[in-house]
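Peer 1: Provided herewith is a single structure, encoded as structure tokens, for subsequent inquiry.
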Amino acid sequence: MNTFPTNSENKTEQPKRLNLLLTCSSWRDNSSIVQLPQLLGPFGIRALKANNGEEAVRVVENNDIHIAIVDLAIPLTDNTTNRNPGGERVLQILRRLQPRPPTIVIRPRQASARENARSLARSLQEGAFTVVDRPAMLETLLDALHRALRKHYSDRWPQTRILE
Numbered sequence: 091m092n093t094f095p096t097n098s099e100n101k102t103e104q105p106k107r108l109n110l111l112l113t114c115s116s117w118r119d120n121s122s123i124v125q126l127p128q129l130l131g132p133f134g135i136r137a138l139k140a141n142n143g144e145e146a147v148r149v150v151e152n153n154d155i156h157i158a159i160v161d162l163a164i165p166l167t168d169n170t171t172n173r174n175p176g177g178e179r180v181l182q183i184l185r186r187l188q189p190r191p192p193t194i195v196i197r198p199r200q201a202s203a204r205e206n207a208r209s210l211a212r213s214l215q216e217g218a219f220t221v222v223d224r225p226a227m228l229e230t231l232l233d234a235l236h237r238a239l240r241k242h243y244s245d246r247w248p249q250t251r252i253l254e
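This note's numbering numbers the first residue of the sequence shown as 91 and each following residue consecutively.
Written out as structure tokens, the structure reads:
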């Protein structure tokens, strides 16, 4: 179930929760990322799912994002004929937030060591907190989320963010 705000929702009226942006190129039932909303919800973490870059931009515009998991392979749009990757665009949008949310990047396997190094460098230049190779194991994602919360928020709920 996607959690998208309606136009009538007001950021200031929402309860104090940590908002986690989740983007994924494939929401298969057995995917680790699909399990995160159910696992993290009881801890006060609100998972905001996006299937493509355009949806992710709308989520960011309508919600405070505290931590993000960005799959570089998500399509830019919902258009089935245009399957250009939209993950880097989402990273650029997140980079403009102040303060910038820690971002966990999930990247597809690369064909060569050289392309692997380039992909890692691009993700880090765009502000990634950490980079995880696909397929991302659930334990790896949970560990990355815990490290991001500990480092960026001192294990406390984050404050409100604004777009520059």
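Glycine included, every Cβ here is placed at the ideal spot set by N, Cα and C.
Run through DSSP, which three-state label would PRO192 get?
Peer 2: Correct three-state label for PRO192: coil.
Peer 1: In the DSSP assignment, what are the bridge partners of VAL222?
Peer 2: Bridge partners of VAL222: ILE196.
Peer 1: Going by DSSP, what residue range makes up the beta strand (DSSP E) through ARG240?
Peer 2: Per DSSP, ARG240 belongs to no beta strand (DSSP E); it is in the alpha helix (DSSP H), 228-243.
Peer 1: So the beta strand (DSSP E) LEU112 belongs to, where does it begin and stop?
Peer 2: Note, LEU112: beta strand (DSSP E), 108-113.
Peer 1: Whole angstroms is fine: what's the gap from PRO198's alpha carbon to ALA226's?
Peer 2: Those two C-alpha atoms are separated by around 10 Å.
Peer 1: Return the residue from the list SER202, LEU187 and GLU229 that minimises the CA-CA distance to VAL150.
Peer 2: VAL150 has its Cα closest to that of LEU187, out of SER202, LEU187 and GLU229.
Peer 1: Does DSSP put ALA140 in a helix, in a strand, or in coil?
Peer 2: Strand, per DSSP.
Peer 1: Kindly identify the DSSP beta-bridge partner or partners of VAL160.
Peer 2: Partner(s): VAL195.
Peer 1: Given GLY176, which residues of its chain have a CB within under 6 Å of its CB, disregarding the five upstream and five downstream residues?
Peer 2: Cβ neighbours of GLY176 beyond the five flanking positions: ASN142, GLY143, ILE164, PRO165 and LEU166.
Peer 1: Could you give the DSSP three-state label for LEU187: helix, strand or coil?
Peer 2: In the structure shown, LEU187 sits in a strand (DSSP, three-state: E or B).
Peer 1: Assuming ASN169 is part of the alpha helix (DSSP H), what are its boundary residues?
Peer 2: Looking at the DSSP string, ASN169 is not in any alpha helix (DSSP H), and its letter there is neither H nor E.
Peer 1: For the alpha helix (DSSP H) holding ILE123, just list the boundary residues, first then last.
Peer 2: ILE123 -> alpha helix (DSSP H) spans 122-130.
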